[in-house]
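Engineer: Protein chains in written order, with my numbering: chain A, 760 to 1146; chain B, 35 to 1024; chain C, 43 to 500; chain D, 8 to 176. Note that the Cβ used here is the ideal one computed from N, Cα and C, for glycine as well. Just dropping this structure here.
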Amino acid sequence: MDEHFDFKKKYRNILITLMTVGILVTLAAIFITKPGASRIWANVLLNNQYFMGLSLGAAFFLAVHRVSQSGWHTVLQRIPDAMTTFLPVAFVLMLLIYFGIHNLYAWTDSSLSDKVIEGKRAWLNIPFFFVRMVIYFAGWIFLTYMMRKNSGALMTSADLKYHNRKILFAGLYLVFYGITVSASSWDWIMSLDAHWYSTLFGWYVLIGMFVTALAFITVIIWFFKRQGYLKYIRPDHVHDMAILIFAFSIFWTYQWFAQYELIWYGHLPEETSYYITRIHHFKVIFFINVGINFIVPFFGLITFNSKRQIGWVALIAAVVLIGHWIDYWLMIMPAAAGEKAGIGFLEIFMTLIYACLFIFIVFKSLSRGPLVIKNDPYIEESMNYES
Amino acid sequence: MKKYWKDIESLKSKKEVRSTEKKPEENELFALLSDPGKILPASRRDFLKLCGFSIGAAALAACQSKVSKAVPYVIAPVELTPGVALYYASSYINGNDYCSILVKTRDGRPIKIEGNPDSGVTRGGTSARVQASVLDLYDGGRLHGPMKDGIPSQWELIDNEIIEKLNKITEEKGTIVLLTPTIYSPSTEAVISGFLKKFNGSEWVEYDAISYSAMLEANKISFGKQVIPDYRFDKADLVVSVGADFLGTWLSPIEYTKQFSSRRDPEHDMNWLIQLESNLSLTGSNADKRIQIKPSQETAILLNIYKDILRSVENRNANAPESPVDVNEISKKLLASKGKSLLISGSNSKQIQLLVNEINRLLGNIGETILFNSYLRTHKALDTSFKTLVKKMQKGAVNALLVWNVNPAYTYFDRDAFTEGLKKVELTVSLSGSPDETNSSVKYLCPDSHYLECWNDAEPKKGLFSLMQPAINQIYDTRQMADSLLKWTGSTTTFHDFMYGYWVENLMKLEPASHNPITFFDSVLQKGIFEPGTSKTEIIEKHLTPGILPFNSTSIKISKGPTEKTLEIVFYETVALGEGRQANNPWLQELPDPVTRICWDNYVSISPAMAKEYDLKDCDVLKLGETEIPVHIQPGQAYGTIGIALGYGRLKCGKVGDRVGVDVWRMLSAEEGNIKNTGKLEKIEKTGKVYPFAQTQTHHSMEGRAFVREAELKEFRANPAAGNEEHAYNLEHNKSLYKERTYPHHHWGMAIDLSKCTGCGNCVIACQAENNVPVVGKEEVHRVHEMHWLRIDRYFTGEEDNPEVVFQPVLCQHCQNAPCENVCPVAATNHSSEGLNQMIYNRCFGTRYCNNNCPYKVRRFNWFNYSAAGTLTGNLRDKEEMTGDLRRMVLNPDVTIRAQGVIEKCSFCVQRIQAAKLKAKYENRALYDNEIQTACSQSCPANAIVFGDMNDKNSELNRLITSGRRYNLLEELYTMPSVNYLTKIKNKIV
Amino acid sequence: MLQSPIRTPLIEGSKTYRSITSDILSPMMNKAGKFWYLGMTISSLAMLFGVFMIFWTVWQGIGTWGENRTVGWAFEITTFVWWIGIGHAGTFISAILLLFRQKWRNSINRSAEAMTIFAVICAALFPLIHLGRPLLTFFIFPYPNTRGLWVNFNSPLVWDVFAISTYFTISLVFWYVGLIPDIGTLRDKIKKGLKKNIYNFLSFGWKGSARDWHRHEITSIMLAAIATPLVLSVHSIVSMDFASSIVPGWHTTIFPPYFVAGAIFSGFAMVQTLLIITRKAMGLEDFITASHIENMNKILIATGSIVGLAYITEMFMAWYSGVEYEHYAFMNRATGPYWWAYMIMIGCNVVSSQLLWIKKLRKSLAFTFFLSIVINIGMWFERFVIIVTSLHRDYLTSSWTMYKPTIVEFGLLIGTLGIFFTAFLLFIRIFPVISISEVKSILKIGDKHQHKSDPGHE
Amino acid sequence: MNNRSYISISFDDEVPLLEAVKKLRDNKEKIADVLSPFPVHGLDEALSIKRSRIPIVGFIFGALGAILAFGFQAWVFTVSYPLIIGGKPFFSVPTFVPITFEVTVLFAGLSMVAALLIRSHLKPEIKFTPVDERITDDRFVILVDTPDEEINLKRITSILTGINTVEIR
């Protein structure tokens, strides 16, 4: 019950080494292959979005379960809680975009005389862009902080008011996140293709974030269990995580399909432009994206037994994590870097830097308290959970 | 165009049968029946052919007497092949309207009228009225036979009685009056003069309801000839029209539209049109500059123009009151195009017409744009002669009145005087073919046949002749008017023989090459027209050399400007209904007015500013004197004026037209003997009632969307894609997610030149006739259930009070990426390998999804069983009786009629495409360019619509669609329509 | 199974297995009251009215409706989508809540599923009668016809046919499979007579064997698993009827999930309407407790907010797209001639459901009942707004027009309401409205007393 | 089944039932069947009932449905009667997806229900005599397979002493 995660020196060293390697290779890649400023900045944006998405998705996971008064997740709630601690860092990283904004967003060019972009100026202008960015992050950081604080308080106090407050902030987070996840994805991703629009886009990104967060939580569970922690997480919990990955991968595919199908069907040039760029130049990646994110979790987790083995589920989750990285790549790169886009050393190692940083922060946070919040009113229910 | 005649040429050798005026079908048939012992050799094949034809024959015969079984022909009529259309060249004559036409018949039934491209007058053009006239043939409301005192009678009995009475009157030195509209048939004129000779003391009075008598009188003074000159809009660089709707209704609109539109080609030289008018007319909506005036201001405006021009041409001064509008520009423009301009006025005031003549003389237009060699003969009547007649009748000085084809009891403003006079006439005979307000109170009805059942000739313009020939046997027991007159004169010849004789005697000599009367007549009959070369020199009388016209501007009276409060009324004819002769024609009734887009009604047009002032809304009912009439707010109506259409509110024309709209003829008045088409009104009274219109377009702005793309001529000259910049953008941006389809063989397409289109509505009726489009009636149009496959969208641009007008014919665009096709669950609409968007009626079960997804809204749903092809019997919704056995004879057998609950739409006249392809295949050749004409492209008097194969690099269509003006409607949707529009180029006068 | 002590019990009152049986079966064992007869009379009259209007439509033609050249779909498709939407709550409750371990669903799923089936029947009527030639409906099926022509698989309407029939079949089967044990109970409770024979026949010989229960449970959960994406797909496909077109206001990618959310929203509202009456009329307050109502209210807030978010997204995107047609379509929605419908939609769906944040209102039965009706109206108007305001002013301004419904169209709506309530009233007297066996299986979870007295059962 | 003899042990609650099952199985008694008014939690494990293969049936038939539906649509559009529709390709995969999905679900769902009915011998029957009419109400019954009723009755009663049974016969 009073399990503490020990963020051993060994782990730290590995992470720091990997990060250093990442930085070195990234720099080398930049100087040797000369990928162009757009592609570099697009990578920054891609990783910002991806790892911020992990945090936001984790918070979403918590919020949904808390609001629906679900008990089973209680034993593992510290993991997503820890994932949300990355958000302030994500904020700083996102602010970096300021320096590359002209390389990324065509609409920042004020000399551009384009009727469509002219019409969007009220929304798409640099000051407002950053004002919105600050608002989004302020809200996310504050609400996740409050959620974390109240659930953390239950480590020491058994007062039900923390529990209730935790639920309250979860509800507020859902509302705020529901609105801002759409708006932020329009801002940061959709506006890369300044003409293109899709009403579904925000929700599509939301589900992507959720699936990645689920996958990441699962991978962490696997890792911790390997390290001997989290004994009380039983196949029943894994089963539920697997069901969620399975279900929301299908749901993601559904949204992917809904967006693609409707645009394919309507065949209006202002909409198809998005897919034309991606299918014509990146056909393989385009279909790999659907393959990884749908077929792998679907067939990998369809049977009863496969859902109950943490090793297997974590493997599928890892593939899904890569899959959704590709998904973001497809959303961002073709628009930002054009035909020069590709997956090379730059992409892989810059992601490595981010991943190490992210894991470092998560582990750090996890090491700050017991892995189980023993005063949570649902803890006993969760420990004894049977699916 | 010559290629077209392939059809008719093939008839040449078979002409004899026609010209003998036998009715071989019937004669042979009955001969056979009466001699059953006679065995005729007929192969099985012949037998089948005959069986096929017999269906048509039976249908025909059914109209005369009940036939309980079909009897096949045993000897085939030579020229008939069942299922193959025959075309007869003929002429459309209805009152003052004239058109040289080809009558398409199928299995003995005329089903479609097409323009005769060889005619020097109408040049292949038609009008909505001409197109619709074929339906009049099958009007069950026509008089079915001779009647006496309202009781059906026999021709022989009636003839004897009339002859007896006429003779008696002549003996007693009484007066016999023959009352007709203008007659421009030379043979009929000869018959009439024979009649007048025979009955001593008889008179012939011509009466036109819409009269141009002031013009005739003025021309008599100005030019010494009481004729309407030959206006040449094609020669005029500048047309200034004061209230003359020459593209719509003025004099000879088909001819003028042809001429005018030939000068609207921006690639060549474009003319200018300045229109000064009160109502927004069809011409006004096509004008480069339109100035709103009150009718009372016309004189002052013209005087000012006169003053300017006189000063500049002859350096003389004239008095003129202050002009209500700035005429400097007009005068300047007129002077700049001396000899190449044309000033016309629609007024029926002698003074104004004199003034117009004088200005035209000063400008040197006489002999240039105003010619007299082939003057117009279709309007000859003087109002004074009819007025005299009415006076005589009232005095009882007329003993016999023979009325043909005029309806003064309805159209004459002082109709009470006429009807009162009519009662005092001993012998009243009407020769009109349809019931009307006049012949409902005459003693003898000797109904005329429909023009498609008649022989006749015409000389609409001096020296330009044409023939009319029957395309069907008489449906009813009717007799053509000229035959009746011949009979009563005591002649034994038929009018056909009489006419033949007349032509051989008088006209053959005009063609020195011909010697054989039979071949001469037959060749004319085959072509439909006879236009012997007219002499090149003008035939204006010598003494009328310019400069000494008997004209004195000081004699012109200027009526005192009415007070601001007084409203002026302008009475006008609508393009569809004219004076109301064809009021019983449902096609015409349902044709939306080109400008107001209202059908099945007339109304008071009122300007938006005035409506605001009087607190009027659309559809409010007003009381004008004794008549109650609804209001329509019409942008572009001159402030202080209202417009009301004549020709409505008939009471005795038949089921369709009775009580449609309001009769306002009584509100006319006469001035100096000429009937004015204007009036005054002291006040407007609101009744508080509301009357819903059947209006097919209720939103009049394009809302900034580029449906009709426009440019000025100057811009166009600088950049052929002016106003069409979006097209290039769209071409670049319209990229496909998948491979685009190609249509390697034929790819049918169409180009519509918006610069040329005048919006007249002729194509709408042509399409309706060709494709069996049902009529739905007023109530249904009001419920937005109209069925026209082709509509003409009309948009206003600019300010509300003085809008510019653009027209855009919209039909199925035959999109290559058709949104409608995708969504049909049963694949009832799909694409042919030749690029046609096909509609399979019997597969359609009516989800209307295609209609929702059609961005052009060109699909039409059969909301009710309109055509009697419904799947449930007994639920027919046919207020206009379009589905009676007789009316259905107008149906084109090549086009399926559509059942209740199915969608229908334009097919690009696929039946014509298939027929032409078959023919070409049969003749083992490729299709010629322009060989296939859709109903709309064929009938367009402005040549605005061109149909063809987009794959044919040499086609006219390809020339048009490769021009910078080409664009597609809503092309940003990437539907890739096969219908292309060409930008409207306006020759703006700033 | 352990339950956290802070949770409210799922079933109130001190129930035993036997009392559960007798409580739930009482309507089947006793004579109907006069209110039942009154309700039956009203709803069957409404049904007859609707049947007459259907006849009238088929006989006369679609022209008897207010639709026209420009507005090809209006009232009927609005009502169709409305019913289909209502038909989503049942499967949502049965399937998705089952997967999400929401135990409280056990006492409401049966009636919600029945509601689904009746609503789908009402909905399925409209695609049929809205056809111009309803007698040829069979054209829609891909059968080998004499011309070798199949159907157009590109058309969302064909997808609709597959989606709705699959949905109906699976819902019906799911419902019936769940009913079998309860019919067994009925069979054993009724002593003799025709009724017993009928229930005997319908019970499929249910014994209650452990193996049967095992298979029954697995089948139920697997049906739930496949019904979950099914329920999503059905309304998504219905939304594609609109979204795959190119009509501005219809063609928008958010439609599939947004329609699903809207469907669940309206479905739950209808469930609330029915359950609040049913629990009162049939004395089932112990099974369908205030916390059930509150839980459903929470789902109403969630789905209502999603719907509201979708409205905002659509509005924003219409502006953001820079496409004038889109822009106009949405401006016209809010400020055009049908602004009132838009206001009803916003007011009834977004504003009203947000009131449920207030705990007091969320717990108030009267308010919930009122609100559920408001939401039902609002959701009808949502579809009306989407369909009519988009169509009546689309691309070519020349074709813009207005739509006004006729009495016939109102008759069809009233008629389907009649069919729905008639069917529901019959259902509550023929089958148990609450799943007896499922309620029994949660009896001990919910009951604190039982829990305390018997702590070691887990 | 009915012509064999059983000993039936009735309970009025599932807790003693589960205990009894455990005890009986520990004593190697052959439990023919356990009848209950609702699925008793833990009974499957107690009786070691193997997880049903109904989901596999569903998967197989679902896959069959998917292949049939997709194949049929593709065949119709490319081989049987290709029509040019809206300029779209004949083999238009995105539009085949919805129907493929629906047929998959339909096949899977119906096949699983069919499997349930067949495996559990559930079918409409005119005559049916339950072991105890209260099984569907509040009785839990264990049927123990037995060749000799009297001897076994005693043995079983002794096994179950201390467990709250309603009736053993």
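#1: Report the residue from B:N433, B:D342 and B:P329 whose alpha carbon sits nearest the alpha carbon of E5 of chain B.
#2: Pick out whichever of B:A252, B:S295, B:A248 and B:Q260 has its Cα sitting closest to the Cα of A270 of chain B.
#3: Sort out for me which residues DSSP pairs N185 of chain B with in a bridge.
#4: Since I believe L1003 of chain B is in contact with Y890 of chain B (beta carbons under 8 Å), could you give me their beta-carbon distance rounded to a whole number of angstroms?
#5: Roughly how many angstroms lie between the CA atoms of D264 of chain B and Q428 of chain B, to the nearest whole one?
#6: Return the Cβ separation of S28 of chain C and A266 of chain C in integer angstroms, given the expectation that the two are a contact with Cβ distance under 8 Å.
#7: If we define contact as Cβ-Cβ less than 8 Å, is A1017 of chain A a contact residue for chain C?
#8: Between which residues of its own chain and K812 of chain B is the CB-CB distance below 7 Å, once the five residues before and five after are set aside?
#9: Looking at V440 of chain B: is its Cβ nearer than 8 Å to the Cβ of Y682 of chain B?
#10: Which residue's Cα is closest to the Cα of F1063 of chain A: D:S15, D:R32, D:K57 and D:H48?
#11: Compare the C-alpha of I678 of chain B against each of B:V665, B:I931 and B:G688 and name the closest.
#12: Please report how far the alpha carbon of L25 of chain D lies from the alpha carbon of Q1068 of chain A, in whole angstroms.
#13: At a Cβ threshold of 8 Å, is P101 of chain D touching chain A?
#14: Span of the alpha helix (DSSP H) holding R924 of chain A?
#15: According to the neighbour-count rule (16 or more other Cβ atoms, all chains shown, within 10 Å of its Cβ), is Y122 of chain B buried or exposed?
#16: Since R817 of chain B is in the beta strand (DSSP E), which residue starts that stretch and which ends it?
#17: How about G116 of chain D and I268 of chain C: are their beta carbons less than 8 Å apart?
#18: Tell me which residues share the same chain as G175 of chain B and place their Cβ nearer than 8 Å to its Cβ, disregarding the 5 neighbours each side in the sequence.
#19: Ordered along the chain, which non-local residues of its own chain (more than five positions away) have a Cβ less than 8 Å from that of Q872 of chain B?
#20: Taking Cβ-Cβ distances shorter than 9 Å, what residues in chain D pair up with Y772 of chain B?
#21: Would you call M984 of chain B buried or exposed, if buried means 16 or more other Cβ atoms sit within 10 Å of its Cβ?
#22: So, with DSSP's three-state summary, where would you put W438 of chain B?
#23: Out of B:V860, B:L519, B:D322 and B:T881, point me to the one whose CA is closest to P837 of chain B's CA.
#24: Shorter than 8 Å from the beta carbon of T1023 of chain A to some beta carbon of chain D?
#25: Which residues of the region 996-1009 of chain A have a Cβ closer than 9 Å to any Cβ of chain C? Give them in chain order.
#26: Quick one: does S88 of chain B have its CB under 8 Å from some CB of chain D?
#27: So, helix, strand or coil for N128 of chain B, using DSSP?
#28: For the alpha helix (DSSP H) holding R828 of chain B, just list the boundary residues, first then last.
Structural biologist: On the basis of the data shown:
#1: An answer regarding residue 5 of chain B cannot be provided, because it is not within the stretch 35 to 1024 covered by chain B.
#2: Locating residue 270 of chain B in the second sequence gives position 236, counting from the first residue. The shortest Cα separation from A270 of chain B among B:A252, B:S295, B:A248 and B:Q260 belongs to B:S295.
#3: Sequence index remark: in the second sequence, residue 185 of chain B carries index 151 (1-based). It should be pointed out that residue 185 of chain B corresponds to Ile in this sequence rather than to Asn. Beta-bridge pairing links I185 of chain B to B:K182.
#4: For the purposes of this step, residue 890 of chain B is taken as residue 856 along the second sequence, with counting starting at 1. For the purposes of this step, residue 1003 of chain B is taken as residue 969 along the second sequence, with counting starting at 1. Yes, Y890 of chain B and L1003 of chain B are in contact; Cβ-Cβ is about 6 Å, under 8 Å.
#5: Your numbering for residue 264 of chain B matches position 230 in the second sequence. Your numbering for residue 428 of chain B matches position 394 in the second sequence. Looking at the two C-alpha atoms, the distance is approximately 37 Å.
#6: Lying outside 43 to 500, the shown extent of chain C, residue 28 of chain C is not represented and no answer is given.
#7: Against the first sequence, residue 1017 of chain A aligns to sequence position 258. Yes, because at least one Cβ of chain C sits closer than 8 Å to the Cβ of A1017 of chain A.
#8: As a working note, residue 812 of chain B is residue 778 in the second sequence. Excluding positions up to five away in sequence, the list reads W634 and A728.
#9: Residue numbering aside, residue 440 of chain B sits at position 406 when the second sequence is read from its first letter. Residue numbering aside, residue 682 of chain B sits at position 648 when the second sequence is read from its first letter. The answer is no: Cβ separation not under 8 Å.
#10: Counted from its first residue, the first sequence places residue 1063 of chain A at position 304. It is D:K57 whose Cα lies nearest to the Cα of F1063 of chain A.
#11: Residue numbering aside, residue 678 of chain B sits at position 644 when the second sequence is read from its first letter. The shortest Cα separation from I678 of chain B among B:V665, B:I931 and B:G688 belongs to B:V665.
#12: Within the fourth sequence, the letter at position 18 stands for residue 25 of chain D. Within the first sequence, the letter at position 309 stands for residue 1068 of chain A. Distance between the alpha carbons of L25 of chain D and Q1068 of chain A: 29 Å.
#13: One-based indexing of the fourth sequence puts residue 101 of chain D at position 94. For P101 of chain D, the answer is yes, since a Cβ of chain A falls inside 8 Å of its Cβ.
#14: For the purposes of this step, residue 924 of chain A is taken as the residue at position 165 of the first sequence. Segment L919 to W947, the alpha helix (DSSP H) holding R924 of chain A.
#15: For the purposes of this step, residue 122 of chain B is identified with residue 88 of the second sequence, where counting begins at 1. Buried, since its Cβ has 16 or more Cβ neighbours within 10 Å.
#16: Translated into positions along the second sequence, residue 817 of chain B becomes position 783. Careful: R817 of chain B lies outside any beta strand (DSSP E) and carries neither H nor E.
#17: The residue given as residue 116 of chain D occupies position 109 in the fourth sequence. The residue given as residue 268 of chain C occupies position 226 in the third sequence. Result yes, Cβ atoms of G116 of chain D and I268 of chain C sit closer than 8 Å.
#18: Reading the second sequence from its first residue, position 141 is the one you call residue 175 of chain B. Here the set comprises S468, P469, N618, C687, G688, K689 and V690.
#19: Residue 872 of chain B sits at position 838 when you count from the first residue of the second sequence. T863, N864, H865, S866, S941 and V944.
#20: As a first step, residue 772 of chain B must be located in the second sequence, where it is residue number 738. G94, K95, P96 and S99, listed in chain order.
#21: The count along the second sequence starts at 1 and reaches residue 984 of chain B at position 950. That one is buried.
#22: As a first step, residue 438 of chain B must be located in the second sequence, where it is residue number 404. In this structure, W438 of chain B counts as coil in the three-state DSSP scheme.
#23: For the purposes of this step, residue 837 of chain B is identified with residue 803 of the second sequence, where counting begins at 1. Ranking the options by Cα distance to P837 of chain B, first place goes to B:D322.
#24: The count along the first sequence starts at 1 and reaches residue 1023 of chain A at position 264. Residue identity check: residue 1023 of chain A is Trp in the sequence provided, not Thr. So, interface residue.
#25: D999, I1002, A1006 and I1009
#26: Locating residue 88 of chain B in the second sequence gives position 54, where the first residue counts as 1. Reliability of the predicted coordinates at S88 of chain B is poor, the pLDDT of 46 falling under 50, and no value is obtained from them.
#27: The residue labelled residue 128 of chain B in the question sits at position 94 within the second sequence. Note: N128 of chain B maps to strand in three-state DSSP.
#28: Mapped onto the second sequence, residue 828 of chain B falls at position 794. Premise fails: R828 of chain B lies in the beta strand (DSSP E), R825 to G832, not in any alpha helix (DSSP H).
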